[in-house]
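Residues 254 to 647 (this note's numbering) make up the sequence shown, in order.
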Amino acid sequence: MVTFVFSESGAQETVQQDMKYRRSSIYSILVSHSEQDFCDEIKEQFLAIPVPDKYNDHGLSINAVVVDCKGKYTEDITDFINRNHIASRLVGKWFNRNILTGECDMELVKERGLYNASEFDKELAKRSKRGIAMLQDAGEDLIGNTYLLVNEVRYIDKNARAKTWGLALTVLGGVAGMATGNSDYVKLGQNYGDIVATLKGFSVKIHTRLYQLIWNEEIANQFYTLYYSEKADEQKKFTFEKNRRAFQMKYVGEVESSGAKTSFLGIKEEEPLQMIRKACQRAIDENVADLQKKYEQFKIKAPVLNVEPAITVQIGKKEGIDKNSRFEVLEAREVEGKIEYKRMGIIKPVADKIWDNRYMAAEEGAYGADLKATTFVKVSGGDFYPGMLVREIK
Numbered sequence: 254m255v256t257f258v259f260s261e262s263g264a265q266e267t268v269q270q271d272m273k274y275r276r277s278s279i280y281s282i283l284v285s286h287s288e289q290d291f292c293d294e295i296k297e298q299f300l301a302i303p304v305p306d307k308y309n310d311h312g313l314s315i316n317a318v319v320v321d322c323k324g325k326y327t328e329d330i331t332d333f334i335n336r337n338h339i340a341s342r343l344v345g346k347w348f349n350r351n352i353l354t355g356e357c358d359m360e361l362v363k364e365r366g367l368y369n370a371s372e373f374d375k376e377l378a379k380r381s382k383r384g385i386a387m388l389q390d391a392g393e394d395l396i397g398n399t400y401l402l403v404n405e406v407r408y409i410d411k412n413a414r415a416k417t418w419g420l421a422l423t424v425l426g427g428v429a430g431m432a433t434g435n436s437d438y439v440k441l442g443q444n445y446g447d448i449v450a451t452l453k454g455f456s457v458k459i460h461t462r463l464y465q466l467i468w469n470e471e472i473a474n475q476f477y478t479l480y481y482s483e484k485a486d487e488q489k490k491f492t493f494e495k496n497r498r499a500f501q502m503k504y505v506g507e508v509e510s511s512g513a514k515t516s517f518l519g520i521k522e523e524e525p526l527q528m529i530r531k532a533c534q535r536a537i538d539e540n541v542a543d544l545q546k547k548y549e550q551f552k553i554k555a556p557v558l559n560v561e562p563a564i565t566v567q568i569g570k571k572e573g574i575d576k577n578s579r580f581e582v583l584e585a586r587e588v589e590g591k592i593e594y595k596r597m598g599i600i601k602p603v604a605d606k607i608w609d610n611r612y613m614a615a616e617e618g619a620y621g622a623d624l625k626a627t628t629f630v631k632v633s634g635g636d637f638y639p640g641m642l643v644r645e646i647k
């Protein structure tokens, strides 16, 4: 059995850098288990986690799936993707499709593709070679790089597992008592110190599956011919609804976080549930970084911030950078309406100048958390300039 949780506000907006560049797009959902203690707290903390800032937020209204412990996890998720027509909804979002009228527009494509809006519209209207190339470019580089992350969360207490799970009701009662001032809640359990001690013992494992929206020339032609309309069109609206299964997600791969214990440093003792957020976000960031390393199409690009007095880029430990990391430096060029990326050199991080940009690293006093970017040195290549893009290589 699967039930759905809807978010009223959607994912939180993240602070974007001044430099604009093309990013892949992510829709991220939580899978939690109805039999698991702290199920509600897990959902609450997960929904507060923003999409990683090197991606576009392409979220839909369903942000969490609660799976019955008796159900088959993989079958439940496959059923969720198919029954809710996730692929067609992701496509519809790209074109701001109105489900009542079938009307579409290209505004989001123009915005994320960094196209000159008036030029884009003019070339499309003429159906010129350049306009068609720009449309193909948008499909290949933007729509085709739309991903679904399915995050299955499980909390573990390595130190005193039985005691921790046995104290679940106690902890919840204590937190409720602190929030409301109702002594009846506190009487359900022990004292505040027990609550803090219990949460300190928690670690988390998150199993993340990665899916990619299938978008190719055949599907694009079908969409623009049969479904796309810039004005209300009852026939095209009906045809799209009837053929939602023409759009599909493909499975890319999966990873699982290490389950390493998360430091309680930086957590305010009067707000111990911050520990759940910290453990959850650290594990999700770990998985996203691992997926980037494993799957070429999911790798992020990030802009060079400075080249003098040193090369700096605003990526760090959250993205899995260490002293052995290597990055290619890319120059984006437009060739007949399409964006191409040419390698201009290779850089590596300075070992003691890697930015610790993990969640709450500054609050826990982690080394490198006071940096604003990671410093790199050139391994090969010519002159670099701010705005060039970097991408990790093996």
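Each residue gets a CB set at the ideal place from its N, CA and C atoms; glycine is no exception.
Small disclaimer: the values here were computed from a predicted structure and weren't measured.
- For I339 and K458, the gap between their C-alpha atoms comes out near 26 Å.
- Restricting attention to Y280, R275 and I472, the CA atom closest to the CA of Q465 is found in Y280.
- Taking 8 Å as the upper bound for CB-CB distance, K606 and T627 are in contact here, some 7 Å apart.
- DSSP, read as helix, strand or coil, puts M359 in coil.
- According to the DSSP assignment, L388 belongs to the alpha helix (DSSP H) that extends over K382 to D394.
- Pairing E360 with Q550, the inter-Cα distance amounts to about 24 Å.
- Within the DSSP secondary-structure output, P303 pairs in no beta bridge.
- Nearest to K591 by alpha-carbon distance, out of M528, K503, A386 and P525, is A386.
- Here the alpha carbon of T515 sits roughly 8 Å from the alpha carbon of K531.
- Assignment of beta-bridge partners to N309 by DSSP yields S278.
- M641 counts as buried, since no fewer than 16 other beta carbons sit within 10 angstroms of its beta carbon.
- In the three-state scheme derived from DSSP, where H, G and I count as helix and E and B as strand, T565 is classed as strand.
- In the structure shown, the three-state DSSP call for G635 is coil.
- Listed as beta-bridge partners of M641 by DSSP are no residues whatsoever.
- The DSSP-derived three-state label of L466 is strand.
- For I339, the uninterrupted alpha helix (DSSP H) run begins and ends at I339 to W347, by DSSP.
- Taking 8 Å as the cut-off, the beta carbon of I529 is found closer than this to the beta carbon of E294.
- Proximity to D538 across E356, C292, I568 and I520 peaks at I568, based on C-alpha coordinates.
- DSSP places K547 inside the alpha helix (DSSP H), whose first and last residues are Q527 to K547.
- Taking 8 Å as the cut-off, the beta carbon of T399 is found closer than this to the beta carbon of S278.
- Cβ contact annotation for R535 (same chain, cutoff 7 Å, sequence separation greater than five): T515, R611 and Y612, in chain order.
- DSSP places F476 in the helix class (H, G or I) of the three-state scheme.
- Nearest to F333 by alpha-carbon distance, out of K346, G345 and V319, is V319.
- If you ignore the 5 residues before and after Y477, its C-beta comes within less than 6 Å of no other C-beta in its own chain.
- Exclusion of the five residues before and after V362 leaves A391 as the residues of its chain whose Cβ lies within less than 6 Å of its Cβ.
- The closest CA to that of I600, considering only D374, L343, E645 and L401, is found on E645.
- Here V508 is near D543, since their CB atoms are less than 8 Å apart.
- Of the other Cβ atoms in all chains shown, 16 or more fall within 10 Å of the Cβ of Y480; this residue is therefore buried.
- The DSSP-derived three-state label of G397 is helix.
- Between L463 and V505, the C-beta spacing is below 8 Å.
- For V508, the beta-bridge partners assigned by DSSP are T461.
- Considering only S633, Y620 and E587, the residue with the shortest C-alpha distance to F580 is S633.
- In terms of Cα proximity to R596, the closest of A615, A604, F637 and I564 is F637.
- When rounded, the separation of the alpha-carbon atoms in A615 and D623 is 7 Å.
- Here R596 carries a strand assignment [DSSP, helix/strand/coil].
- Sequence-distant Cβ neighbours of G618 in its own chain, meaning closer than 8 Å and more than five residues away, are L518 and G519.
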